[in-house]
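Worksheet for the structure shown next.
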Amino acid sequence: MQSATFIKGITGDDIIMRDGVKQVAFVGRSNAGKSTLLNSIAGAEVARAGKKQGKTVEVNFFKYGKMYLVDLPGYGFAQGGLDHRERTRDMIIWYLGANRKGSLTVGLVLDTKVGITDLDRDMIDMLRDQNVPFVVIANKVDKLNQSELSRAVKDIEHEVPEAIVLPHSAKTGKGKNGILQALLSESRAQ
(Lines of atoms letter the chains of each structure in order from A; the text may use other names.)
(Lines give C-alpha, C1' and ligand atoms only; values in the text may rest on other atoms or scores of the structure.)
Protein backbone atom coordinates (compact mmCIF):
# COMPACT_ATOMS: atom_id res chain seq x y z
CA MET A 9 0.00 0.00 0.00
CA GLN A 10 1.51 3.30 -1.04
CA SER A 11 1.21 6.43 1.02
CA ALA A 12 1.79 10.11 0.37
CA THR A 13 4.74 12.23 1.46
CA PHE A 14 4.61 15.99 1.99
CA ILE A 15 6.86 17.77 -0.52
CA LYS A 16 6.20 21.49 -0.01
CA GLY A 17 3.68 24.27 0.41
CA ILE A 18 3.68 27.19 -2.01
CA THR A 19 1.88 30.53 -2.19
CA GLY A 20 2.93 31.54 -5.70
CA ASP A 21 4.98 30.47 -8.71
CA ASP A 22 7.32 27.57 -8.01
CA ILE A 23 9.39 25.08 -10.03
CA ILE A 24 7.12 22.26 -8.81
CA MET A 25 4.42 23.62 -11.14
CA ARG A 26 6.61 22.92 -14.17
CA ASP A 27 8.22 19.57 -13.34
CA GLY A 28 5.81 17.59 -15.54
CA VAL A 29 4.26 15.53 -12.74
CA LYS A 30 0.49 14.95 -12.89
CA GLN A 31 -1.46 16.93 -10.26
CA VAL A 32 -4.69 15.80 -8.61
CA ALA A 33 -5.94 18.77 -6.60
CA PHE A 34 -8.65 18.91 -3.93
CA VAL A 35 -10.66 22.07 -3.35
CA GLY A 36 -13.72 22.82 -1.24
CA ARG A 37 -15.22 24.97 1.47
CA SER A 38 -13.18 25.25 4.66
CA ASN A 39 -15.30 22.74 6.56
CA ALA A 40 -16.12 20.27 3.76
CA GLY A 41 -13.57 17.74 5.05
CA LYS A 42 -11.00 18.23 2.29
CA SER A 43 -7.88 17.47 4.35
CA THR A 44 -9.55 14.47 6.00
CA LEU A 45 -10.47 13.17 2.53
CA LEU A 46 -6.89 13.61 1.36
CA ASN A 47 -5.62 11.69 4.40
CA SER A 48 -8.15 8.93 3.69
CA ILE A 49 -6.97 8.57 0.09
CA ALA A 50 -3.29 8.89 0.99
CA GLY A 51 -3.51 6.21 3.66
CA ALA A 52 -1.70 8.42 6.18
CA GLU A 53 -2.15 11.60 8.20
CA VAL A 54 -0.34 13.87 5.74
CA ALA A 55 -2.68 16.85 5.47
CA ARG A 56 -3.36 18.97 8.52
CA ALA A 57 -6.97 18.37 9.43
CA GLY A 58 -8.30 19.83 12.61
CA LYS A 59 -11.38 21.00 14.42
CA LYS A 60 -10.54 24.60 13.53
CA GLN A 61 -11.40 25.60 9.94
CA GLY A 62 -8.97 27.32 7.59
CA LYS A 63 -5.78 25.47 8.56
CA THR A 64 -4.59 25.17 4.95
CA VAL A 65 -3.18 28.54 3.88
CA GLU A 66 -0.82 27.33 1.14
CA VAL A 67 -1.06 25.07 -1.88
CA ASN A 68 0.35 21.88 -0.37
CA PHE A 69 1.96 19.19 -2.55
CA PHE A 70 2.17 15.53 -1.54
CA LYS A 71 4.00 12.94 -3.63
CA TYR A 72 1.81 9.87 -4.16
CA GLY A 73 3.30 7.32 -6.55
CA LYS A 74 3.97 9.10 -9.83
CA MET A 75 1.68 12.05 -9.11
CA TYR A 76 1.08 14.89 -6.70
CA LEU A 77 -1.96 15.12 -4.50
CA VAL A 78 -2.53 18.84 -4.01
CA ASP A 79 -4.42 20.31 -1.05
CA LEU A 80 -5.76 23.77 -1.90
CA PRO A 81 -6.85 26.24 0.78
CA GLY A 82 -10.50 26.01 1.75
CA TYR A 83 -12.70 28.84 0.57
CA GLY A 84 -15.42 30.67 2.49
CA PHE A 85 -13.76 30.73 5.93
CA ALA A 86 -15.90 33.43 7.56
CA GLN A 87 -13.77 34.01 10.68
CA GLY A 88 -10.72 34.75 8.56
CA GLY A 89 -12.21 38.06 7.43
CA LEU A 90 -12.77 39.47 3.96
CA ASP A 91 -9.05 39.99 3.29
CA HIS A 92 -8.29 36.31 4.08
CA ARG A 93 -11.17 35.13 1.88
CA GLU A 94 -9.98 37.29 -1.04
CA ARG A 95 -6.37 36.05 -0.71
CA THR A 96 -7.61 32.45 -0.65
CA ARG A 97 -9.81 32.99 -3.71
CA ASP A 98 -6.94 34.69 -5.58
CA MET A 99 -4.60 31.80 -4.71
CA ILE A 100 -7.08 29.23 -5.99
CA ILE A 101 -7.67 31.20 -9.21
CA TRP A 102 -3.91 31.52 -9.68
CA TYR A 103 -3.37 27.78 -9.13
CA LEU A 104 -6.15 26.73 -11.54
CA GLY A 105 -4.87 29.03 -14.29
CA ALA A 106 -1.14 28.60 -13.65
CA ASN A 107 1.19 27.60 -16.43
CA ARG A 108 2.17 24.03 -15.63
CA LYS A 109 3.64 21.00 -17.33
CA GLY A 110 1.74 17.82 -16.64
CA SER A 111 -1.99 17.40 -16.38
CA LEU A 112 -4.37 18.66 -13.71
CA THR A 113 -7.64 17.19 -12.46
CA VAL A 114 -9.62 18.59 -9.54
CA GLY A 115 -11.76 16.90 -6.93
CA LEU A 116 -14.37 19.41 -5.74
CA VAL A 117 -15.19 18.37 -2.17
CA LEU A 118 -18.72 19.11 -0.93
CA ASP A 119 -20.31 18.48 2.44
CA THR A 120 -23.15 16.27 1.22
CA LYS A 121 -25.45 17.19 4.08
CA VAL A 122 -25.09 20.92 3.29
CA GLY A 123 -25.28 20.47 -0.50
CA ILE A 124 -24.01 22.93 -3.08
CA THR A 125 -23.66 26.44 -1.67
CA ASP A 126 -23.22 29.72 -3.54
CA LEU A 127 -19.49 29.51 -2.75
CA ASP A 128 -19.40 26.05 -4.37
CA ARG A 129 -21.25 27.40 -7.41
CA ASP A 130 -18.60 30.11 -7.71
CA MET A 131 -15.90 27.41 -7.62
CA ILE A 132 -17.73 25.32 -10.23
CA ASP A 133 -17.86 28.40 -12.48
CA MET A 134 -14.10 28.92 -11.98
CA LEU A 135 -13.38 25.30 -12.92
CA ARG A 136 -15.59 25.60 -16.00
CA ASP A 137 -14.02 28.95 -16.99
CA GLN A 138 -10.49 27.52 -16.66
CA ASN A 139 -11.58 24.37 -18.54
CA VAL A 140 -10.22 22.17 -15.73
CA PRO A 141 -11.57 18.60 -15.62
CA PHE A 142 -13.19 17.87 -12.26
CA VAL A 143 -15.24 15.36 -10.33
CA VAL A 144 -17.49 16.16 -7.39
CA ILE A 145 -16.77 14.33 -4.16
CA ALA A 146 -19.90 14.19 -2.01
CA ASN A 147 -18.15 13.98 1.35
CA LYS A 148 -19.33 13.04 4.85
CA VAL A 149 -22.02 10.68 3.53
CA ASP A 150 -22.04 8.79 6.83
CA LYS A 151 -24.15 11.66 8.24
CA LEU A 152 -27.07 10.83 5.90
CA ASN A 153 -29.43 7.89 5.66
CA GLN A 154 -29.76 6.08 2.31
CA SER A 155 -32.73 8.07 0.99
CA GLU A 156 -31.16 11.42 2.02
CA LEU A 157 -27.92 10.40 0.30
CA SER A 158 -29.73 9.35 -2.87
CA ARG A 159 -31.63 12.66 -2.99
CA ALA A 160 -28.45 14.71 -2.29
CA VAL A 161 -26.47 12.95 -5.05
CA LYS A 162 -29.34 13.47 -7.54
CA ASP A 163 -29.46 17.18 -6.64
CA ILE A 164 -25.71 17.50 -7.22
CA GLU A 165 -25.91 15.59 -10.53
CA HIS A 166 -28.76 17.86 -11.65
CA GLU A 167 -26.78 21.02 -10.87
CA VAL A 168 -23.42 19.77 -12.20
CA PRO A 169 -24.38 17.37 -15.00
CA GLU A 170 -20.93 17.29 -16.59
CA ALA A 171 -19.20 15.93 -13.47
CA ILE A 172 -19.02 12.47 -11.98
CA VAL A 173 -20.36 12.51 -8.39
CA LEU A 174 -18.55 10.23 -5.94
CA PRO A 175 -19.94 9.64 -2.44
CA HIS A 176 -17.24 9.41 0.27
CA SER A 177 -16.92 8.92 4.00
CA ALA A 178 -13.56 8.99 5.76
CA LYS A 179 -15.30 7.54 8.81
CA THR A 180 -16.55 4.38 7.05
CA GLY A 181 -14.13 4.29 4.10
CA LYS A 182 -17.02 4.39 1.59
CA GLY A 183 -15.86 5.47 -1.86
CA LYS A 184 -12.19 5.81 -0.94
CA ASN A 185 -10.85 3.37 -3.54
CA GLY A 186 -12.78 4.80 -6.49
CA ILE A 187 -11.91 8.47 -6.06
CA LEU A 188 -8.36 8.46 -7.44
CA GLN A 189 -9.35 6.06 -10.22
CA ALA A 190 -12.17 8.40 -11.28
CA LEU A 191 -9.91 11.46 -11.10
CA LEU A 192 -7.23 9.76 -13.18
CA SER A 193 -9.68 8.48 -15.78
CA GLU A 194 -11.26 11.95 -15.98
CA SER A 195 -7.86 13.49 -16.72
CA ARG A 196 -7.21 10.91 -19.49
CA ALA A 197 -10.58 11.75 -21.08
CA GLN A 198 -9.55 15.37 -21.66
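For the sequence shown, this note's numbering gives the first residue as 9, with consecutive numbering after it. Glycine residues also receive a C-beta, built at the ideal position from the N, C-alpha and C atoms.
Check, Outcome
"Through-space distance from Ala106 to Leu45, alpha-carbon basis", "24 angstroms"
"C-alpha distance - Lys59 paired with Pro169, whole-angstrom precision", "Its pLDDT being 48, under 50, Lys59 is placed unreliably by the model, and nothing is read from it."
"Residue range of the beta strand (DSSP E) that includes Ala146", "Phe142 to Asn147"
"Best match in Tyr103, Tyr83 and Leu104 for proximity to Thr96 [C-alpha to C-alpha]", "Tyr83"
"Span of the alpha helix (DSSP H) around Thr113", "Here Thr113 belongs to no alpha helix (DSSP H); instead the beta strand (DSSP E) covers Leu112 to Asp119."
"Residues of its chain near Ile187, where Cβ-Cβ distance is below 7 angstroms and the 5 sequence neighbours each way are ignored", "Ile49, Gly115, Ile145, Leu174 and His176"
"Candidates Leu135, Ile172, Gly183 and Glu167, of which the one nearest Asp150 by Cα", "Gly183"
"Under the three-state DSSP convention, the category Asp79 falls into", "strand"
"Sufficient close CB pairs (3 or more, under 8 angstroms) joining the segment 25-36 to the segment 72-82", "yes"
"Spatial distance of Ala171 from Phe142 (CA atoms)", "6 angstroms"
"Inter-residue CB distance, Ala52 and Ser11 (contact presumed, cutoff 8 angstroms)", "4 angstroms"
"Length of the line joining the Cα atoms of Asp119 and Gly36", "9 angstroms"
"Spatial neighbours of Arg26 in its chain, beta-carbon cut-off 7 angstroms, leaving aside the 5 residues before and after", "Arg108 and Lys109"
"Inter-residue spacing [alpha-carbon to alpha-carbon] between Pro81 and Ile15", "16 angstroms"
"From Ser43, Leu152, Glu167 and Leu90, residue whose alpha carbon lies closest to that of Asp6", "Coverage of the chain is limited to positions 9 through 198, which leaves residue 6 absent and any answer about it impossible."
"Residues that Thr13 bridges to, as DSSP identifies them", "Lys71"
"Per-residue burial, Leu157 [other beta carbons within 10 Å of its own, 16 or more giving buried]", "buried"
"Identified DSSP bridge partners for Ile18", "Val67"
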